[in-house]
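Residue numbers (this note's numbering), protein chains in the order written: chain F, 16 to 390; chain H, 16 to 390; chain B, 16 to 390; chain Z, 16 to 390.
Ideal Cβ positions, reconstructed from N, Cα and C, are used throughout, including at glycine.
Below is one structure, written out as structure tokens, with a few remarks after it.
Number of protein chains: 4
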Amino acid sequence: VSDGAWLTAMLAVEAALARACAAVGLIADEEARAIAAACRRADFDVDELGRAAAEGGNPVIPLVALLRGSLPAPAAGHVHLGATSQDILDTAAVLVTRAAVDVVLQDAERAADAAAALADTHRDTAMIGRTLLQQALPITFGLKAAGWMSAIDDATLRVRASAAELPVALGGPVGTLAGYGGRGLQVRGALARELGLAEPLLSWHTLRAPLAGVAGALALMCGALGKAARDVTLLAQSEVAEVHEGGRPGHGGSSSMAHKRNPVAAVAVVACAQRVPALAATLHATMVAEHERAAGAWHAEWEPLSQLLRLSGSAAAWAAQMLSELVVDGERMGVTLADAVARNELSEDLGETASLIEHALGRHREQREQRERGS
Amino acid sequence: VSDGAWLTAMLAVEAALARACAAVGLIADEEARAIAAACRRADFDVDELGRAAAEGGNPVIPLVALLRGSLPAPAAGHVHLGATSQDILDTAAVLVTRAAVDVVLQDAERAADAAAALADTHRDTAMIGRTLLQQALPITFGLKAAGWMSAIDDATLRVRASAAELPVALGGPVGTLAGYGGRGLQVRGALARELGLAEPLLSWHTLRAPLAGVAGALALMCGALGKAARDVTLLAQSEVAEVHEGGRPGHGGSSSMAHKRNPVAAVAVVACAQRVPALAATLHATMVAEHERAAGAWHAEWEPLSQLLRLSGSAAAWAAQMLSELVVDGERMGVTLADAVARNELSEDLGETASLIEHALGRHREQREQRERGS
Amino acid sequence: VSDGAWLTAMLAVEAALARACAAVGLIADEEARAIAAACRRADFDVDELGRAAAEGGNPVIPLVALLRGSLPAPAAGHVHLGATSQDILDTAAVLVTRAAVDVVLQDAERAADAAAALADTHRDTAMIGRTLLQQALPITFGLKAAGWMSAIDDATLRVRASAAELPVALGGPVGTLAGYGGRGLQVRGALARELGLAEPLLSWHTLRAPLAGVAGALALMCGALGKAARDVTLLAQSEVAEVHEGGRPGHGGSSSMAHKRNPVAAVAVVACAQRVPALAATLHATMVAEHERAAGAWHAEWEPLSQLLRLSGSAAAWAAQMLSELVVDGERMGVTLADAVARNELSEDLGETASLIEHALGRHREQREQRERGS
Amino acid sequence: VSDGAWLTAMLAVEAALARACAAVGLIADEEARAIAAACRRADFDVDELGRAAAEGGNPVIPLVALLRGSLPAPAAGHVHLGATSQDILDTAAVLVTRAAVDVVLQDAERAADAAAALADTHRDTAMIGRTLLQQALPITFGLKAAGWMSAIDDATLRVRASAAELPVALGGPVGTLAGYGGRGLQVRGALARELGLAEPLLSWHTLRAPLAGVAGALALMCGALGKAARDVTLLAQSEVAEVHEGGRPGHGGSSSMAHKRNPVAAVAVVACAQRVPALAATLHATMVAEHERAAGAWHAEWEPLSQLLRLSGSAAAWAAQMLSELVVDGERMGVTLADAVARNELSEDLGETASLIEHALGRHREQREQRERGS
């Protein structure tokens, strides 16, 4: 989600647009090839483009000028054919989002697999359950881990579904496809196929549910990851000490206290999860967009979207590390539980934890198999 | 979503729980009938319950005490069997949400139908398209209305889907179903059937995606409604005057300026849409919940959820009124367009607006038919 | 901050406006008295006004109609003289806010006093300090309590200052004071004196810093209260058990677990603190208001402001109870500290905690004395 | 607010800490000089530090290791004396914030001066005032510009005041100043003097009002700037055309529509203003911090703070450009007003706009003089 990734994506869209125009006969194949070649070899300075972008309000304007400058006529004149800046930027946003989501999902699935392994291993590891941060009644650590797993699994489904629906953007300045001599819908279809994206019903320059929907799904995922991480920070407290983060020596060190072993990964996940809801709110709020192009709301989307993707990626990667390397002290759990049971004369009944874990693991395995078949 | 609606829902859950326990043989049928009757005739004072709730932290504790007090043994002892307060409150939240969403969806669908009628009527009503609040190139009003319709349609699908997934909550104090002597999964299944709700994989006391998911979907809906309303406020400006809100005399009057005709419905929708993203963010943030019951995050959900539902309902109802009664001045649109075309030597090409509208209306009709078949 | 409080405040503003107009000679004294009497005896139905408000977009329009209907000419015609709805509603909002803030501050000051007493009593009660939820190095409980106190003290100063700056609103429909025949500034001054409010430089119908500033100050206060409450929930954990909430028998009871003693007050404060930042964000966002009256942003302020005030009041009251009744187990703190020191070979150096506490208590006493002198 | 600026600030804090320790006699002057020299010549790779930071959870840990590695004993051992990572990072955050706020304020004051010039020039330029986006009654453009000016002026005062209160952070690992052998308060005082910062009452590792207060003030400023920009976008609409953005040829160009002149600066300000409230909310929410160092909330502050500062700076710079170069079409205003007056039989009374503008300009001049005397 770096500036460079956005630039690469914009160039990919301009190249694909040229190929799509050629595919429906609007420009010659050799022009499309020349434009695509110019996009490939383009070596523009991201910072300079950023400055030029300020004048016109977006980076596509100077980008197109540079591309045209690097090509002979008539190819030069056929760069960006019929498109508007937002077509390119929105489609680039979709490409960047899709690529970032792929990485996020891989890490989230690793995290869910790690939680599944914990649930499987610890299905009979009894511990005290806690409500309102007070010891309550017995559960198993497997049940807790199955909850983490199941919440992450659900979230990955939603993120995957919302990313899969992301459509190509092509409408021209006001969304009418007026620049294509009646072949605009064909060009849009060809562009979608070129880039492997869905086709929208209408131009979505100011109908922003596709990106806001991904933002909401990522917020759900970060909530699920944050829940697991919050539990780990609490279980890793010195006074509780039922888990600690594994990992290399040095992990979790302190600049001033040699004895400490901080739950660094869990803290990082919690920090990401604390920032995501506000960014998703920004993307929900910017849906209220004026007429055929928003006067501010669209520009306000770019960075929050990038940050959401980056924070989700960071949260998923840290969560995968946290859960894969988690060291569980089943013995300590047992001692604490026995003590709580004795002190409060609690029932030791574990209810139907075994069945609950089994069902949840079954669903996890199904979901993984479907995913593997799908890919 | 009033306090009374929450109370009614909590009583409905306690009654259904008793029936579910009877269905699996844990309590006698007559006890279940007695408990259900007590729930029906319960005439508790909402404010008093609120005060009592403060002591224990939630309203279920005093509610159960009152119910038990109104029943003879052994039924008294079988009220709330095996459940924890959060089971009752979460299931009540689901019932309240489902009922509120039904109303929201009806109004949103009326709004979409009204937008569809505008798109249909005005598919050839040419007007100037506007980008960054500047006159740009020609569109039709039908294309704009089709965009509103399509965005609302998409949002209703998401809201409907997220509400349909809402599961029953039953897990007991720490989610193990320990209070049912091995028949907890059966009770949970029976309770789900009693209430027409989905069954969850695990207890979701601290896995909050179901409600946060509805919140995200409602935020998308309010964004879509807000976009239409923002456009109406802009088109209704005195200097633009391409639409105005219809309705009874007195609608949109001013306390100090007799000549004014304020776009009251559109302003109300915009105001709702401005408040919703922050409330959805609160529900995303409270997903980070501690252990088996959150120390604050759960309590922070109740009012934002109610407010989200109420604001969504208000936005949908106002949007339906706004779009149903919208007065469109096609002549004025034509004059403004002709002037813009002449002044800026614009192309009058409307591109493929006709096909775009046709496709969008086709999808709208399909969605409506599926809905009607489904219900 | 109930609907009734808003109605009372609106009537108080209309009455004061009449007196102000009389004071500068625009209307007769007896008319002002008649209007004020009509406002006092007004017994309007809040719900009915709410419904009528929907037609015109705000409740002042029907309110003025009802007042005029209850008076003979010429007084009837001099109700609401020169004012616009927003003048009345904004000034009412200021009155409601000021009254609510008074209550909030009293409770927040009780909370700070209670924290000061804890800091004073426990200045030498050594305990383990904790970073990233890990045992770190020794502190005293007095230092921790002094931190809570100091943060609440700072916040009360900010809230008090922002509320004291709240200005009267009077500008007429577009803020020019055009309805007063050249005596508008005099009327505004008289109105400010009548209500004990500051005078603004300009009409602030769409310059919303006054209310947004209070919202930001309340968010700081709730952050400070939430920090103390979060610490209490953590210290009250069964495994830590260094504090617990006192209070009457029954406080913190559980519907399903008789042995539990939940930190109900702390949980309530945390829940309030989790909701406030999003509401403050709404009030910051609605500052972007159109022209001379906003098309939605203004309407979006009312409920979030009421909710902010109510949540702040709730958080302050619960925090005062939590801190006043907090039971501190100094012995347990000592045992845990000794154990941590021994296990990790920690220094027992308490640094300059005594001086830090002394300075902080000194500032607290100064602030209290200034407040008492001021009132 | 770049990563480099943060690194520079952290090194400045470590150098100042060494000098402060020398000033109170804890280390030798030559050691302090050696450490300061090492900080000056340090040429660490920001990205590498970022990676190393991940292991320990913050960048100070590897930074101190590198500094120690570049120095001989005993200076090496006296780097970071008695401090904890958060002392360094928080003080660095304060330095970065103070420097960024200086730039923000300069641009905001330029914006206010430009608005003042508009108010002065156009105090008699009559135009139609607009409420709910409907033509209402006459105002002057000077009154509108005076409102922009006054709102920005108020906000600069708040931002300046909140930045001036920013304290140095020094407390050691748990805030007790335990590492200084009883001279910790002296070291803290010397450090504050070295860096020109305020001294706090207590260690504020988990008492976060100082930074959250700046965030709130910046949100008020961006709200004020956003209001002006929103008005400009509306006044610049093709159908209104009462102002347009000036500036170099090419400013506001479109990639697809040669005739367009987009209000690029205003749109940029609006976009910044839309993102700021959510970021401020994150900084309010992270005030709820655990014990002596937060497990996540602290880490969640860094980027939102940087982004808030950058967005505020961007908004202020764009607003200054927008207002300095604004082209006002007084003739068009007059024509539109005359037309509205005639059509709706409006009063042409401008009320007390002249006095209102005069008072506001007087206050602006006073504030500027105080500022100039102060600096």
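Measure the C-alpha to C-alpha separation of residue i and residue j and round it to an integer number of angstroms.
i	j	result
Z/Glu180	B/Ala134	25 angstroms
F/Val119	F/Ala288	14 angstroms
Z/Val391	B/Pro292	Residue 391 of chain Z lies beyond the range of chain Z shown here (16 to 390); nothing can be said about it.
H/Pro77	B/Pro74	37 angstroms
B/Ala357	F/Gln252	18 angstroms
Z/Phe59	Z/Ala24	13 angstroms
Z/Ala38	B/His379	31 angstroms
F/Thr297	Z/Ala234	14 angstroms
F/Leu110	F/Val28	9 angstroms
Z/Ile103	Z/His95	8 angstroms
H/Ala123	H/Ser165	12 angstroms
F/Ala115	F/His314	20 angstroms
H/Ala130	B/Leu222	35 angstroms
Z/Gly377	Z/Val61	48 angstroms
B/Gly157	B/Met142	10 angstroms
H/Val189	F/Thr136	20 angstroms
H/Glu318	H/Trp21	11 angstroms
Pop quiz: residue i and residue j are said to be a contact at Cβ under 8 angstroms. What is the actual Cβ separation, rounded to whole angstroms?
i	j	result
F/Ala375	F/Ser329	About 26 angstroms; that fails the 8 angstroms criterion.
B/Glu367	Z/Leu200	6 angstroms
Z/Ala108	Z/Ile167	Not confirmed; about 25 angstroms, so no contact.
Z/Pro278	Z/Pro225	Their Cβ separation, rounded to whole angstroms, is 36 angstroms, which puts Z/Pro278 and Z/Pro225 out of contact at 8 angstroms.
Z/Ala232	Z/Val285	Between Z/Val285 and Z/Ala232 the Cβ distance is about 20 angstroms, and since that is not below 8 angstroms, they are no contact.
F/Leu26	F/Ala57	6 angstroms
Z/Leu323	Z/Leu294	5 angstroms
Z/Arg308	B/Thr112	At roughly 35 angstroms, the Cβ-Cβ gap does not stay under 8 angstroms, so Z/Arg308 and B/Thr112 are not in contact.
F/Thr191	H/Leu365	6 angstroms
Answer with buried or exposed for residue i, where buried requires no fewer than 16 other C-beta atoms within 10 angstroms of its C-beta.
i	result
H/Ser17	exposed
F/Asp117	exposed
Z/Val303	buried
B/Glu257	buried
F/Ser177	buried
H/Asp139	exposed
Z/Gly389	exposed
H/Arg203	buried
Could you please tell me which residues of the segment 363-376 of chain B, in chain order, have their CB closer than 9 angstroms to any CB of chain F?
-> none
Residues in the segment 241-256 of chain H with C-beta within 8 angstroms of chain Z's C-beta atoms, listed in sequence order?
-> Thr248, Leu249, Ala251, Gln252, Ser253, Glu254 and Val255
Closer than 9 angstroms, Cβ to Cβ, to anything on chain B: give me those residues from the segment 136-157 of chain F, in chain order.
-> Ile143, Arg145, Thr146, Leu147, Leu148, Gln149, Gln150, Ala151 and Leu152
Along the segment 89-103 of chain H, what residues have a CB closer than 7 angstroms to any CB found in chain Z?
-> none
Which residues, in chain order, does the segment 52-78 of chain B contribute to contact with chain Z at a C-beta distance below 7 angstroms?
-> none
Does the segment 236-243 of chain B come within contact of the segment 314-330 of chain B, defined as at least 3 CB pairs closer than 8 angstroms?
-> yes
Listed from N- to C-terminal order along the chain, which residues in the segment 174-204 of chain Z have their beta-carbon within a distance smaller than 8 angstroms of any beta-carbon of chain B?
-> Gly187, Pro188, Val189, Gly190, Thr191, Leu192, Ala193, Gly194, Tyr195, Gly197, Gly199 and Leu200
Specify whether the segment 40-55 of chain F and the segment 204-217 of chain F touch according to this definition: at least 3 beta carbon pairs, one from each stretch, less than 8 angstroms apart.
-> no
Against chain F: residues of the segment 162-174 of chain H by CB proximity under 8 angstroms | Gly162, Ser165, Ala166, Asp169, Ala170 and Arg173
May I ask you to list, following chain order, the residues of the segment 305-324 of chain Z that have a beta carbon less than 7 angstroms from some beta carbon of chain B?
-> Glu305, His306, Glu307, Arg308 and Ala310
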